[in-house]
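Undergrad: Residues 7 to 312, numbered by this note's numbering, are exactly what the sequence shown covers, in order. Got a structure for you, questions after.
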Amino acid sequence: MSDTGIVLKKILLPTDFSEASKQAFPHAVSFARQFGASITLAYVVPTTLPAELSHIGIVLEETRLAKEAEKTLAKVRAHELPADLTVETVVFGGGPCHEICKAAEALGTNLIIMSTQGHAGLKHALLGSTTERVVRHAPCAVLTIREQLVPIRFPDDTPCRFKRILVPTDFSAASIKAVRYAASFAGLCRSDVTLLHIVEPPNYPAWGYAWLSLRDGKLKKKAQERLKALSAELPPRLGVAVMETTGDAALKIVETAEEQKTDLIVIRAYGHAGLTRLLLGSVTEKVVRLAPCPVLALREQKSAPG
């Protein structure tokens, strides 16, 4: 990904054959048409044991499951995805998150598109947590699709339909790249963009609440100035609004998306280990889990394999 352009030629579309996972399909088709991208439709057969510890019966069972999955994938490709698109089907064996991320890197994938339940309990534990782990570890951008009560169905010739895009920014270099990416994307989709900055208050103000009020006032004024300057850097043809607010970052992003009836949130994903990922990456994962709309989590992509 460059600072101002979008490279999207290869889409990875994981499925577990559930109706929920199929809700990502219309978005994959839409992106493929918009950018002329190919789709790799993938299924992961979960392995029960490492290969060196597996008994022959387990190996044979996994082989049988893989063959059945290949047949099912072929049917899904024929019935759920338009015939004129370039679609490859692949079956892997292993842990879903590990295999999806490994395949994305090996294939030079630009975008992974997958569903997330967004619900508590077993459904979220099985599908939602896998999606969140993929967002955390993927080598490329990930578009997560929240399960809808009424599944989205786009006409075959429909390009990307995101009319209102929300882009949170903390003014870091990484988040500003996300703003520029979103602006390029908005130009293609003729979308309006809202830039959002959130000031998170400290839990225990060291110098009392009067000092905290003064501090927040200064931070808000500075944020407004930076948002205005950042919006001025974007193409003038875009409809750009700016907002600043105070509160929990993830919850405010979700709340703003709900209030504005946002079609897409574009946010920076942080894949670092340790404290950085804990503080920053957890915001992205929480947004993915709670957002009322699709979330596009961006990260720096390695060069595609030659």
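In this text, a Cβ means the ideal position worked out from N, Cα and C, and glycines have one as well. Remember, it's a predicted structure, so these values are computed and weren't measured experimentally.
(1) Does the distance from the C-beta atom of Leu-113 to that of Leu-79 stay below 8 angstroms?
(2) Let me know if Ser-269 comes out buried or exposed under the rule of 16 or more other beta-carbons within 10 Å of its beta-carbon.
(3) Within 10 Å of its beta-carbon, does Ser-36 have 16 or more other beta-carbons around it, so buried, or fewer, so exposed?
(4) Quick one: residues in its chain with C-beta nearer than 8 angstroms to the C-beta of Ala-109, no 5 flanking neighbours on either side, listed in chain order?
(5) Can you grab the Cα-Cα spacing for the pair Leu-91 / Ala-179, in whole Å?
(6) Decide if Arg-295 is buried, meaning its Cβ has at least 16 other Cβ atoms within 10 Å, or exposed.
(7) Alpha carbon to alpha carbon, how far is Ser-135 from Arg-70? Give it in angstroms, no decimals.
(8) List the endpoints of the continuous alpha helix (DSSP H) containing Val-260.
(9) Judging by CA-CA distance, which residue of Cys-299, Pro-298 and Thr-290 is the nearest neighbour of Val-141?
(10) Taking only the alpha-carbon atoms, compute the straight-line gap between Phe-191 and Glu-264 and give it to the nearest angstrom.
(11) Taking the alpha-carbon positions, what's the Ser-181 to Ile-118 distance?
(12) Determine the direct distance from the alpha carbon of Arg-305 to that of Arg-139, and round the result to whole angstroms.
(13) Going by DSSP in three states, Ala-189 sits in which element: helix, strand or coil?
(14) Give the DSSP-derived three-state secondary structure of Ile-182 in the structure shown.
(15) Compute the Euclidean distance between the alpha carbons of Val-272 and Arg-152, then round it to the nearest angstrom.
(16) Of the residues Cys-103, Gly-100 and Ala-34, which one's Cα is nearest the Cα of Pro-88?
(17) Could you tell me which residues DSSP puts in a beta bridge with Phe-98?
(18) When DSSP labels each residue in this structure, what does Leu-137 get in the three-state scheme?
(19) Could you tell me which residues DSSP puts in a beta bridge with Asp-198?
(20) Along the beta strand (DSSP E) that carries Pro-20, what are the first and last residues, could you check?
(21) To which residues of the same chain is Leu-14 closer than 6 angstroms at the C-beta, ignoring the five residues directly before and after it?
(22) Quick check on Pro-241: buried or exposed, where buried means 16 or more other Cβ atoms within 10 Å of its Cβ?
TA: Per the coordinate set shown:
(1) no
(2) Note that residue 269 is Asp in the sequence shown, not Ser. When all chains shown are included, Asp-269 counts as buried.
(3) buried
(4) Leu-18, Thr-46, Ala-48, Val-96, Phe-98 and Thr-115
(5) 36 angstroms
(6) buried
(7) 27 angstroms
(8) 255-265
(9) Thr-290
(10) 21 angstroms
(11) 20 angstroms
(12) 14 angstroms
(13) helix
(14) helix
(15) 14 angstroms
(16) Ala-34
(17) Val-50
(18) In the sequence as displayed, the identity of residue 137 is Thr instead of Leu. Note: Thr-137 maps to helix in three-state DSSP.
(19) Arg-170 and Gly-245
(20) 16-20
(21) Phe-41, Ala-43, Asn-116 and Leu-117
(22) exposed
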